[in-house]
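Engineer:
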Amino acid sequence: MEFCQVDLDEFCYKQFDKTKKSCSFIPYDKNEFIEKVNELIRQKKIKVVPGYAGFCKHIFIENFTEATVETIEINNKNRDLIKTDYISRRDNELPVLIRWISKKDVKDIIKAKYLDLILYSREQIEKENKETKTVPNKKSNCLYSIICIKPQNVDYELPMTPITMLRNTLISEGGSGINLNRDKYLESVKYWRHHVSIIDN
1 MEFCQVDLDE
11 FCYKQFDKTK
21 KSCSFIPYDK
31 NEFIEKVNEL
41 IRQKKIKVVP
51 GYAGFCKHIF
61 IENFTEATVE
71 TIEINNKNRD
81 LIKTDYISRR
91 DNELPVLIRW
101 ISKKDVKDII
111 KAKYLDLILY
121 SREQIEKENK
131 ETKTVPNKKS
141 NCLYSIICIK
151 PQNVDYELPM
161 TPITMLRNTL
171 ISEGGSGINL
181 NRDKYLESVK
191 YWRHHVSIID
201 N
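The opening position of the sequence shown corresponds to residue 1 in the UniProt record's numbering, with each subsequent residue numbered one higher.
The structure is reproduced here in structure tokens:
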């Protein structure tokens, strides 16, 4: 698919705010970030692949920020550092159980090689905003907007967490309204049984 320009959805703003402790932090000005992404799109220095539904796309780019990897493999040294809590990504969503390791507890954390930019179509974003009664401060004119940024060391999609897949079946609670794919869910469990998120909390 050819992209000419994308926007940064307000849902993604929290990733540029260091005070937000429930997501990966992107140490970059958000306006300069989207300008850089659109520059890379114009230069065709991107890799675009389809997402889990027709309205979802992934753009993979080399990491031009100082963002560090957001997942780590679980081992005997870090297993006892894993924390759990019920957390909602925004006020109008139900809290769900997540687990993570605090970034400060990870020794020798490394800068990510790539950024996985997850994009939703304008129509899907408007649909979800309507269902969750979310009123954005501005309306984007772009066909696609970035809703999440995942710093990682591979230029392909890593499995979505199982709880995110379950929440996605409930559009009124912050999901996308997509039916659960059993095979993809089991693939996700297989990956996340041995990996854990890293966040600044």
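Beta carbons are placed, not taken as given, at the ideal position from N, Cα and C, and that holds for glycine. Quick caveat: nothing in here was measured; it's all calculated off a predicted structure.
State the Cα-Cα distance for the pair E173 and K44, rounded to the nearest angstrom.
Structural biologist: Those two C-alpha atoms are separated by around 36 Å.
Engineer: Distance, Cα to Cα, L143 vs R122?
Structural biologist: One C-alpha to the other measures close to 5 Å.
Engineer: Tell me whether the beta-carbon of K139 lies closer than 8 Å to the beta-carbon of D116.
Structural biologist: The answer is no: Cβ separation not under 8 Å.
Engineer: Go to I34, then tell me how far its alpha helix (DSSP H) extends in each direction, as first and last residue.
Structural biologist: Segment 30-42, the alpha helix (DSSP H) holding I34.
Engineer: Taking the straight line between their C-alpha atoms, what separation do you get for C23 and T84?
Structural biologist: Each residue's alpha carbon lies about 14 Å from the other.
Engineer: L119 and K57: beta carbons closer than 8 Å?
Structural biologist: Yes, the pair counts as a contact, with Cβ atoms nearer than the cut-off.
Engineer: Determine the burial state of G54: buried for a count of at least 16 other Cβ atoms within 10 Å of its Cβ, exposed for fewer.
Structural biologist: With fewer than 16 Cβ atoms within 10 Å of its Cβ, G54 is classed as exposed.
Engineer: So, at 6 Å on beta carbons, what are the nonlocal neighbours of E10 in its own chain, with the 5 sequence-adjacent residues on each side left out?
Structural biologist: Contacts found: P136.
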